[in-house]
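*Asks:* Read left to right, the sequence shown gives residues 1 to 255 (the UniProt record's numbering).
Beta carbons are placed, not taken as given, at the ideal position from N, Cα and C, and that holds for glycine.
Computed from a predicted model, the values in this text were never measured in an experiment.
Next up is a structure, given as structure tokens.
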Amino acid sequence: MKTVILAGGRGTRLAEETHAIPKPMVAVGDRPILWHIMQHYAAHGHTDFVVALGYKGYVIKEYFANQLMHSCDMSVDLATGSVEYLSRSKVDWKVTLIDTGADSMTGGRIKRLAPILTERFLLTYGDGLSDVPVEAVVAHHERVGALATVTAVHPPPRFGSLGLADGLVEDFREKPRDSHDWINGGYFVVEPEVLDLIEGDATSFEAAPLSRLAEQGRLGAYQHEGFWMPMDTIRERDELNKIWESGQAPWVSTR
1 MKTVILAGGR GTRLAEETHA IPKPMVAVGD RPILWHIMQH YAAHGHTDFV VALGYKGYVI
61 KEYFANQLMH SCDMSVDLAT GSVEYLSRSK VDWKVTLIDT GADSMTGGRI KRLAPILTER
121 FLLTYGDGLS DVPVEAVVAH HERVGALATV TAVHPPPRFG SLGLADGLVE DFREKPRDSH
181 DWINGGYFVV EPEVLDLIEG DATSFEAAPL SRLAEQGRLG AYQHEGFWMP MDTIRERDEL
241 NKIWESGQAP WVSTR
């Protein structure tokens, strides 16, 4: 299956970074968050990627076009300009990079990829990390007979909570994780028929297409209780970097 990654948004809440680079290129550790997402899929056997580009998409193109230079030893003959790579890349991914419009909505970006999405495909956003078991999402998708399946996750805690009684604080809990709510965490499985529900560039995938599938009883939901965290703000960027630096990043597969 192809894995589609939506990487075209402007990331305005990360303007400190995204004035110069697209949001999926914001670093976690020494790699763009986009690389971490792809590494997770690759660990589960999915290495055929389609990246839907938009805002400053050329930065992502340049990153992958120069991957050998970034990761391999090389010899440059300054007299002739020839370049010889002295080692091989350890990454065996195929990465297709397609401009899907500077202002397209998420559905519009997917619709523009229709010519190459003729079979079931995986889909996610270029700004969130998770330890979601991809095979389990696919198995759930097949079991419920859905046309699309979303990974449902708990919203990340943003504030601590106070336990109050008789005007006193009984306990203080920093960022409690006992939320019972579920939100769209990405990591979709999608059948190509879903593309027919997308009208064009102005269509949000999360609005009419998914709402219609839900009304028809054809939208599956895999409930993931594990790690999931978006990178929408500077605070979240810093927290993801702190997790990475701890050496215990949950999204790094040991497979």
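#1: Is the beta carbon of L97 sitting closer than 8 Å to the one on F188?
#2: Starting from G220 and walking both ways along the beta strand (DSSP E), at which residues does that stretch end?
#3: Contact between the stretch 114 to 129 and the stretch 69 to 85 is defined here as three or more beta-carbon pairs at a separation below 8 Å; is this criterion met?
#4: Suppose you measure from the CA of E17 to the CA of D73; what does that come to, to the nearest Å?
#5: Taking a contact to mean a Cβ-Cβ separation below 8 Å, would you say K111 touches L195 in this structure?
#6: Using CA atoms only, rank isn't needed, just tell me which of G101, V252, V138 is closest to T203.
#7: Measuring CB to CB, does V59 end up less than 8 Å from P115?
#8: Measuring only the C-alpha atoms, how far is H40 from I198?
#9: In whole angstroms, what is the alpha-carbon distance linking P133 and K90?
#10: DSSP state of A27, grouped into three classes?
#11: Do you know offhand how far G108's Cα is from R237's?
#12: Quick check on T254: buried or exposed, where buried means 16 or more other Cβ atoms within 10 Å of its Cβ?
#13: Which one or two residues does DSSP pair with G128 in a beta bridge?
#14: Are V153 and V95 touching if we call contact CB-CB under 8 Å?
#15: Should G8 and N241 be called a contact, given that it needs their Cβ atoms to be closer than 8 Å?
#16: Can you give me the C-alpha to C-alpha distance between S104 and L6, rounded to a whole angstrom?
*Replies:* Once the coordinates are examined:
#1: no
#2: 219 to 223
#3: no
#4: Their Cα atoms are separated by approximately 29 Å.
#5: Their beta carbons are under 8 Å apart, which means K111 touches L195 by this criterion.
#6: If we check each option's Cα against that of T203, G101 comes out closest.
#7: no
#8: 28 Å
#9: Distance from the CA of P133 to the CA of K90, rounded to the nearest whole angstrom, comes to 23 Å.
#10: strand
#11: 27 Å
#12: Its pLDDT being 48, under 50, T254 is placed unreliably in this model, and the value from its coordinates should be taken loosely. Exposed, by the Cβ-count rule.
#13: Among the bridge pairs identified by DSSP, G128 is matched with P230.
#14: no
#15: no
#16: 11 Å
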